[in-house]
Amino acid sequence: MGHGSAQAVVGTARRRSRDEGPRIERWQPEGIEGLSMFRLEDASRPLTTYSERYGVVVILQGAFDGWYQGGVRTFTAGALKLKEPGEVHRDVRLHAPVTLQGAGFTSEMVEEAAGLLGIRRPVHFVPVEPGRAPRATALAMAMHGALAARGPATLELEALVTETLTEVLATCTERGEVRVRERAPRAVRLARDYLRAHVSEPVTLDALAAHAGADKFHLMRAFRAELGVPPYEYLTHLRVARAAELLSTGMTGASAAQAVGLYDESQLYRHFRRILGTTPGKFARAMRRQDRPSGARAPQLPSRA
Numbered sequence: 293m294g295h296g297s298a299q300a301v302v303g304t305a306r307r308r309s310r311d312e313g314p315r316i317e318r319w320q321p322e323g324i325e326g327l328s329m330f331r332l333e334d335a336s337r338p339l340t341t342y343s344e345r346y347g348v349v350v351i352l353q354g355a356f357d358g359w360y361q362g363g364v365r366t367f368t369a370g371a372l373k374l375k376e377p378g379e380v381h382r383d384v385r386l387h388a389p390v391t392l393q394g395a396g397f398t399s400e401m402v403e404e405a406a407g408l409l410g411i412r413r414p415v416h417f418v419p420v421e422p423g424r425a426p427r428a429t430a431l432a433m434a435m436h437g438a439l440a441a442r443g444p445a446t447l448e449l450e451a452l453v454t455e456t457l458t459e460v461l462a463t464c465t466e467r468g469e470v471r472v473r474e475r476a477p478r479a480v481r482l483a484r485d486y487l488r489a490h491v492s493e494p495v496t497l498d499a500l501a502a503h504a505g506a507d508k509f510h511l512m513r514a515f516r517a518e519l520g521v522p523p524y525e526y527l528t529h530l531r532v533a534r535a536a537e538l539l540s541t542g543m544t545g546a547s548a549a550q551a552v553g554l555y556d557e558s559q560l561y562r563h564f565r566r567i568l569g570t571t572p573g574k575f576a577r578a579m580r581r582q583d584r585p586s587g588a589r590a591p592q593l594p595s596r597a
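Numbering of the sequence shown is given in my numbering, commencing with residue 293 and proceeding in unit increments.
Encoded structure:
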């Protein structure tokens, strides 16, 4: 399946007014285990998102500047953007309303594929500059065009998903025995992991700094420099992402707020709308409408060459 299918997807994106806000959809492809989908249409204001999975994202319309891997980069229609678990992606400026679609792969699926391909783990992506990985970009566009149809899994679709993941891992990851630089200073990695392990608990800056082995002043500066947001904002994104998972299972907003360590439902409402551009109630209703049977089997992973 070539670029034509992806272009058809672009053409179906309907224009929405600024007051109406972006259209956000999430779904689970039928018959493909370990894969979840996300689509954002006509976003006209900057957003900040948190990634729990490895993500393969294609920009279908528009252009924006976003904080990515320690710096601000520009993404335009036709671009490929890759995400890792634990990353925060913060839009800085929108040049034109953005439509994009993302596929989220579980860590287990990606790490297993990387092992079979002989790629060093844990997997770390490199930025995909324009023209750097044309085949990976073309495959990702084709994969997203096929997945947008939301039909049942076929051999062709499973092969396309597998081939896309294989090409991304082969051409868009850090493969050297010694990396040019550490992806994050040790203190930042320790602090990030601590926050992910204590999402629902009260966290103090002193406790976080002690766990990271750094004073809180240096930690705050290093954390923001590496991830683009301070620790408290990172924790808020973790909590909203976890609340979204709970809401998709049918949990009430009040229960989800309590489960992720927020004071009450109003606090969840405020953060949810700010970060995801929709309310917890609208998100939960959309999840119920989009609920589909989940996968029978995962696509076959590549074997070592």
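By construction, the Cβ of each residue, glycine as well, lies at the ideal position given by its N, Cα and C atoms.
Query	Result
Put Tyr346 into one of helix, strand or coil per three-state DSSP.	strand
Buried or exposed for Gly358, going by 16 or more other Cβ atoms inside 10 Å?	buried
For a test of the three-state rule: what should DSSP assign to Gln353, helix, strand or coil?	strand
Determine whether the beta carbon atoms of Ser328 and Gly396 lie at a separation below 7 Å.	yes
Could you check the C-alpha separation between Tyr561 and Thr571 for me, to the nearest Å?	6 Å
Going by DSSP in three states, Ile411 sits in which element: helix, strand or coil?	coil
Can you give the Cα-Cα distance for Leu538 and Arg565, rounded to whole angstroms?	16 Å
Any chance the segment 380-400 sits against the segment 358-368, with 3 or more Cβ pairs inside 8 Å?	yes
Looking at Val521: is its Cβ nearer than 7 Å to the Cβ of Arg534?	no
Here's the rule: buried if 16 or more other CB atoms are within 10 angstroms of the residue's CB, otherwise exposed. What is His510?	exposed
For Glu459 versus Val418, is the C-beta distance shorter than 7 Å?	no
Give me the DSSP bridge partner(s) of Gln393.	Arg331, Val350
Distance, Cα to Cα, Asp334 vs Glu403?	33 Å
To the nearest angstrom, how far is it from the Cα of Glu390 to the Cα of Pro477?	For clarity, residue 390 is Val in the given sequence; the question names Glu instead. One C-alpha to the other measures close to 32 Å.
Measuring straight from C-alpha to C-alpha, what distance separates Ala406 and Arg413?	7 Å
Just to confirm, are Arg331 and Glu317 a CB contact at a threshold of 7 Å?	yes
Helix or strand or just coil, what does DSSP make of Leu374?	strand
Give a yes or no on contact between the segment 369-376 and the segment 340-359, applying the rule of three or more CB pairs nearer than 8 Å.	yes
Just to confirm, is the Cβ distance from Ile324 to Ala451 under 7 Å?	no
For a quick check, are the C-beta atoms of Ala428 and Thr398 less than 7 Å apart?	no
Report the residue from Pro314, Arg315, Trp319, Thr340 whose alpha carbon sits nearest the alpha carbon of His563.	Thr340
Which residue's Cα is closest to the Cα of Leu457: Met401, Pro523, Gly545, Ala578?	Met401
Name the one or two DSSP bridge partners that Phe367 has.	Phe356
Can you look up Val384 in the DSSP assignment and give me helix, strand or coil?	strand
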